[in-house]
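Residue numbers (my numbering): 19 to 349. Positions of the beta carbon are idealized from the N, C-alpha and C atoms, including for glycine. Every value quoted in this text rests on a predicted model; they were computed, and no experiment measured them. Notes follow the structure.
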């Protein structure tokens, strides 16, 4: 082999090693919290570390999607967000294990008993869990926490926002439910659906074309093959949510799952991560999210009905549990 060839080979090896080092950099700075030992945790630089907590909920998603649909989406977004944060802020990310608890399900629009698969907790329970966790992490010196728990129930979002407010006021840090805020990094994105598809899919807030597309992208094996036969549950105006959900034969979704595609799901998920990443970087730079609208606000009449039915159901459950505790002399 000629001398120049040796030099070229050495240079190629150095370049390859450098590229591999860069490629693995973000992975080296994203650590699974569950795998750390006590000394590992004690050695972490609190000021330059962000904890991401993915959330999940067991909730019916009609006859075609898994009950853990929200959880699958939240977990994927959490890891993608972590990659972006490491690359853009050069900080370490600790990935907390998913907490599979959430509040409310779309059956509350119709005031029905929850479907099989909708196994949720009361708002006060969810808030207490996250306040306890906020106390534990705050007392150990952590100051940056992002929660990724996209779920549409206003009571769900209020509970987590309030837990974050407690952390912020008590420890002087930031615990933010990123997915609660109505924020777009690029409001002028091109549409995903045609005009006819948009009309058919109107009111797609649960298990319609959007969520079906997301799971076709993330876990196509978990989407029931008959989704192409789904009868549209079009909610053209707000009151249609209540009208549809009150029906005894309502299938548990709004919109039109049959127009879904994996390609649309990939676009939707990437755009959501772009929004979350842009917002997270702004928050790290001092942006105050209180200027943004959020999902904890039950704006229209249908969502107020959803909220009222959920609160009534939660109060009934709390009363039932309290009576049992009292009957046993427990507190």
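If you compare the alpha carbons of 133, 115, 94, 141 with that of residue 121, the shortest gap goes to 141. Inclusion of residue 249 and residue 320 in the CB contact set at 7 Å is not warranted, their separation being larger than that value.
Cα atoms of residue 241 and residue 345: separation of roughly 45 Å, rounded to the nearest angstrom. By the Cβ-count criterion, residue 349 is exposed, with fewer than 16 other Cβ atoms from all chains shown falling within 10 Å of its own Cβ. Proximity to residue 177 across 158, 200, 150 peaks at 150, based on C-alpha coordinates. The criterion of a C-beta distance shorter than 7 Å is not satisfied by residue 181 and residue 325. Spatial neighbours of residue 258 in its own chain (CB-CB distance under 7 Å, excluding positions within 5 residues in sequence) are listed in chain order as 221. Of 136, 245, 206, the smallest CA-CA separation from residue 274 is found for 245. Annotation note: the region 138-176 contains the following uninterrupted beta strand (DSSP E) runs of length 3 or greater, listed N- to C-terminal: 162-166. When the five nearest sequence neighbours on each side are left out, no beta carbon in the same chain lies closer than 6 Å to the beta carbon of residue 53.
If you draw a straight line from the Cα of residue 303 to the Cα of residue 193, it is about 14 Å long. In the structure shown, residue 294 falls within a helical segment according to DSSP collapsed to helix, strand and coil.
Residue 89 and residue 76 have their C-alpha atoms spaced approximately 8 Å apart.
Under the Cβ criterion (8 Å, minimum of three pairs), the region 220-236 counts as touching the region 280-291. Per the C-alpha coordinates, the member of 119, 111, 158 positioned closest to residue 57 is 158. Within the same chain, Cβ atoms closer than 6 Å to the Cβ of residue 135 are found at 78, 85, the five residues on either side in sequence being excluded. Beta bridge pairing from DSSP links residue 111 with 48, 68.
As for any beta strand (DSSP E) of minimum length 3 sitting wholly inside the region 81-132, the runs are 110-113, ordered along the chain. Shown here, residue 194 sits in a strand according to DSSP, grouped into three states. Look at residue 272 here: in three-state DSSP terms it is coil, with no helix or strand label. By the CB criterion at 7 Å, residue 179 and residue 69 fall outside the cutoff.
Straight through space, the alpha carbons of residue 338 and residue 47 are spaced by roughly 47 Å. Residue 91 counts as buried, since at least 16 other C-beta atoms from the protein chains shown sit within 10 angstroms of its C-beta. According to DSSP, residue 79 shares a beta bridge with 81.
Residue pairing for residue 251: DSSP places it in a beta bridge opposite 273. By alpha-carbon distance to residue 312, the top candidate from 169, 342, 209 is 169. Of the residues assessed, residue 334 falls on the exposed side of the cut-off, its CB having fewer than 16 other CB atoms within 10 angstroms. Burial state of residue 231 is buried, judged by a 10 Å Cβ sphere holding 16 or more other Cβ atoms. Counting only the Cα atoms, residue 212 lies some 19 Å from residue 247.
In the three-state DSSP reduction, residue 182 falls in the helix class (H, G or I). Looking from the CA of residue 203, the closest CA among 306, 293, 196 belongs to 293. At least 7 Å separates the beta-carbon of residue 156 from that of residue 118.
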